[in-house]
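Each residue of the sequence shown is one higher than the one before, starting from 969 at the first, in this note's numbering.
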Amino acid sequence: MGKTESALHAGATQATGSLAEYWMPFTSNRDFKADPKMVVRAEGMYYISDRGHRIIDASSGLFCVNAGHARKEIADAVSAQLRELDFVPPFTRGHPKSFELASRVAALTPGDLKRIFFVNSGSEAVDTAMKIALAYHQAKGQPGRTMFVSRERAYHGVNFGGVALSGIVNNRRKYGPTLHVAHMRHTHVKENFFVRGQGEHGADLADDLQRFVNLYGAENIAACFVEPIAGSTGCLVPPKGYLDRLRRICDTHGILLVFDEVITGFGRTGEPFAAQSFGVTPDLMTMAKGITNAAQPMGAVAVSTRVHDAIMDAAQDGAIELFHGYTYSGHPAACAAGLATLDIYAREDLFARGRALSPYFLDAIWSLRDLPIVTDIRGYGMFATIDLAPGAAPGARGQALQKKLFDNGLHLKPTGDAALIAPPLIAEKSHIDSIAEILRSTLATL
Ligand SMILES: Cc1ncc(COP(=O)(O)O)c(C=O)c1O
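So, in structure tokens, the structure goes:
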């Protein structure tokens, strides 16, 4: 038996069998299995490890548990739903909660983003949005618009469409070229290092889209996908004027603008969506994660009525208008979780709460700037990132950091040598203080 196949380490409070069979996603499996960071329970702001340690959750799980962990209201709603109606085929059959949730989500989305297509993850939302963009242009008699524009350092999930859009080298390089995608430059410019919120520099990077129009022809470009704040590569806040400029170029050339709000949605930026925080409305918007507070897998695409109606109008009466959907689209349990989650967001006014807490949170993260290892800090709303000077190899320091932090009672999401911090919106100031203290003491040991 190899080291990775051994049973869980001594000291665990809960017996666990073999670790060999489960192939973990986006994880160094050998590393984890040699020193498992096992979580057995969660409540509010905390995870509880198999050793009984309380670990403050500084990244809302994976940017998804915006209302804090183990919310009883959501668990009760899912449980009741499964007892009453466990499953309905979403093709040709409906159930009331999917319609109700679509209306509730549409009440939060800006502008005319009022048609909601349900999926089961952020990756599915992205691929669905790509298909809707293609279907729209076909409906408008422009089938040549098949190319997409994305951005360096973008993360749009792991399905083939999202991988083609991806601007993260390791997520792309092993899977070969797929769709035709041109990548704009990212917006992480030196002039904005350590700037809180939106930097003054870099709006002109949006002109990369215009250059692609000049190079490829607008008649070949379907859509431009961006995360309003690029999340997975570390909170790249859009420079002032950047998103407006993308919007203008898209409008001029008939290109659909898609915001991937899988991380930024549901209060992370102080509004329901980043589109509202930055005052720019896209034509399609993807979301997932916070839609159910992560208690059930779910995602959605919000589509402008203009785009939706064009696809509807192009289909013959009685025909299926969009040949797309998943067995679990609008699953009753996910819809029940979504409704209970939106109730909590509204009842506890969590988006406004996050907005009010943001200055305190950003102050706490910026207080770490004096550490020599810190090379940049970025932040907006309840989302921040600390870049660390690389160690022996790229990513080694980030990996060491997340392991040490867990042992010191803090969970966060690392990407490369960056620490991504996005606490649940229920956080108290004392939680923010603890996060900053643990970060400071741990960073000092790296
Ligand atoms: C912006 C963005 N899009 C898509 C995804 C993919 O979501 P999922 O992991 O639910 O497929 C993520 C996940 O973090 C994301 O951050």
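All C-beta atoms, glycine included, are put in the ideal place defined by N, C-alpha and C.
Quick caveat: nothing in here was measured; it's all calculated off a predicted structure.
Go ahead and pull the three-state DSSP assignment for residue i.
i	result
F1161	coil
V1117	strand
I1024	strand
I1231	coil
G970	Residue confidence is low: G970 scores 41 on pLDDT, short of 50, so the model does not pin down where it sits. Its coordinate-derived value is still stated next. In this structure, G970 counts as coil in the three-state DSSP scheme.
F1291	coil
H1399	helix
A1278	helix
I1223	coil
I1394	coil
A1301	helix
I1084	strand
T1254	strand
T981	Note on T981: pLDDT 42, under 50, position unreliable in the model; the coordinate value appears next. Residue state, collapsed to three classes: coil.
H1379	strand
L1204	strand
From the DSSP output, read off the bridge partner residues of residue i.
i	result
D1355	D1344, A1386
H1151	S1118
E1239	Paired residue(s): none; E1239 is not in a bridge.
G1012	H1037
S1017	V1007
G1267	V1087
V1194	F1227
I1042	I1042 is not bridged to any residue.
I1189	M1115
Suppose you measure from the CA of residue i to the CA of residue j; what does that come to, to the nearest Å?
i	j	result
G1222	I1189	9 Å
T1353	H1154	16 Å
M1253	S1071	15 Å
G1235	Y1184	37 Å
M1280	R1213	30 Å
L1147	G1129	7 Å
A1395	M1013	7 Å
R1274	T1260	27 Å
A1262	D1025	14 Å
A1427	F1031	Here the chain comprises residues numbered 969 to 1414, so residue 1427 is not present and cannot be evaluated.
V1131	P1206	22 Å
T1413	G1036	29 Å
E1159	H1169	6 Å
Y1010	A1038	First, the residue type needs correcting, since residue 1010 is Ala and not Tyr in the sequence shown. One C-alpha to the other measures close to 6 Å.
H1151	N1034	31 Å
M1115	D1018	48 Å
E1068	I1403	38 Å
L976	S986	Bear in mind that the predicted position of L976 carries a pLDDT of just 45, short of 50, making it unreliable; the figure below should be weighed with that in mind. Between L976 and S986, the C-alpha separation is close to 8 Å.
Y913	E1041	Residue 913 falls outside the range modelled here, since the chain spans only 969 to 1414, and no answer is possible.
F1086	V1194	20 Å
Y1478	N1138	The shown model of the chain, from 969 to 1414, leaves out residue 1478, and the question about it has no answer.
I1231	Q1110	32 Å
G1384	T1201	8 Å
Could you check whether the Cβ of residue i sits closer than 7 Å to any heavy atom belonging to ligand 1?
i	result
L1204	no
Y1123	yes
G1130	yes
S1402	no
E1289	no
E1195	yes
S1272	no
S1200	yes
A1256	yes
V1342	no
L1030	yes
D1228	yes
V1248	no
S1027	no
I1231	yes
Does any heavy atom of ligand 2 sit closer than 7 Å to the C-beta of residue i?
i	result
D1385	Ligand 2 is not part of the structure shown, which contains ligand 1 as its ligands.
Return the Cβ separation of residue i and residue j in integer angstroms, given the expectation that the two are a contact with Cβ distance under 8 Å.
i	j	result
G1135	S1091	Contact flag wrong, Cβ pair sits at about 15 Å.
D1415	S1272	Not covered by the structure: residue 1415. The range shown for the chain is 969 to 1414.
A1308	A1074	Incorrect: roughly 18 Å between the Cβ atoms, too far for contact.
I1406	N1376	5 Å
L1330	L1393	With 8 Å as the limit, L1330 and L1393 do not qualify as a contact, their Cβ atoms being about 14 Å apart.
P1078	A1243	5 Å
A1304	K1065	6 Å
F1055	G1293	Contact flag wrong, Cβ pair sits at about 14 Å.
L1204	R1346	7 Å
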